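All remarks here apply to the structure that follows.
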Amino acid sequence: MFLAGAAHAQSALMITGVMDGTLGSGHPKVVELYARQDISDLSVYQLGLAFDGQPLQEPAYRFPAVSLKKGSFVYLSSQQAGFYSFFGWQAGLVAGFLQINGNDALALYRHGELMDVYGQPGQNGTGTAWEYTDGWAYRKRA
10 MFLAGAAHAQ SALMITGVMD GTLGSGHPKV VELYARQDIS DLSVYQLGLA FDGQPLQEPA
70 YRFPAVSLKK GSFVYLSSQQ AGFYSFFGWQ AGLVAGFLQI NGNDALALYR HGELMDVYGQ
130 PGQNGTGTAW EYTDGWAYRK RA
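Residue numbers for the sequence shown follow my numbering, so the first one is 10 and each next one is one higher.
Below, the structure written as structure tokens:
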């Protein structure tokens, strides 16, 4: 369940997928993002999480100051080893805070303004249509 408002329509970056893997400890844990436009400085974006039915928290991760070309995907993983074991290539970004377990909502911010959400903050996703435990959820169109 992706929730998007008017701000999302203006966002150059969007969440396209989330994953709670099937390797040990649920790895890899991944967020896939897509650049709808050229982005000269990815550090204007932040990612926030809502664990186990909690409300959204302050953004926990600020993306690095790198550029991203229109049409590119970027993968943020909780660890490089699990990502590589599953996909066979290196994740573009690694952040240990990404301890999602399939029932957690995620939010993408730009300069602190909400741009995109996966899941329902404030609701534990277990048993819902948006649960991705030991699997993934993927946006149908960008």
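For every residue, glycine included, the Cβ atom is placed at its ideal position computed from N, Cα and C. Given the structure is predicted, the values throughout are model-derived calculations rather than measurements.
#### Entry: Where the beta strand (DSSP E) containing Phe-92 begins and where it ends
To locate residue 92, count along the sequence shown from 1; it is residue 83. No beta strand (DSSP E) holds Phe-92; the alpha helix (DSSP H) holding it covers 89-96.
#### Entry: Length at least 4, wholly inside the stretch 11-61: the alpha helix (DSSP H) runs in chain order
15-19
### Message
Can you tell me where the beta strand (DSSP E) holding Phe-82 begins and where it ends?
### Response
Start at 1 with the first residue of the sequence shown, and residue 82 comes out as number 73. Per DSSP, Phe-82 is one residue of the beta strand (DSSP E) stretching across 82-86.
### Task
Starting from the C-beta of Tyr-54, find all residues in its chain whose C-beta is less than 7 Å away, skip the five residues before and the five after it, and write them out in chain order.
Numbered from 1 along the sequence shown, position 45 holds the residue referred to as residue 54. Within the same chain, Tyr-54 has close Cβ partners Leu-22, Phe-72, Leu-117, Tyr-118 and Arg-119.
### Message
Restricting to Cα atoms, I'd like to know which of Val-103, Gln-66 and Ser-49 is closest to Asp-113.
### Response
Position 104 of the sequence shown, counted from the first residue, corresponds to residue 113. Among Val-103, Gln-66 and Ser-49, the Cα nearest to that of Asp-113 is on Gln-66.
### Task
Please determine if the stretch 75-89 and the stretch 22-41 are in contact, where contact requires at least 3 C-beta pairs separated by less than 8 Å.
yes
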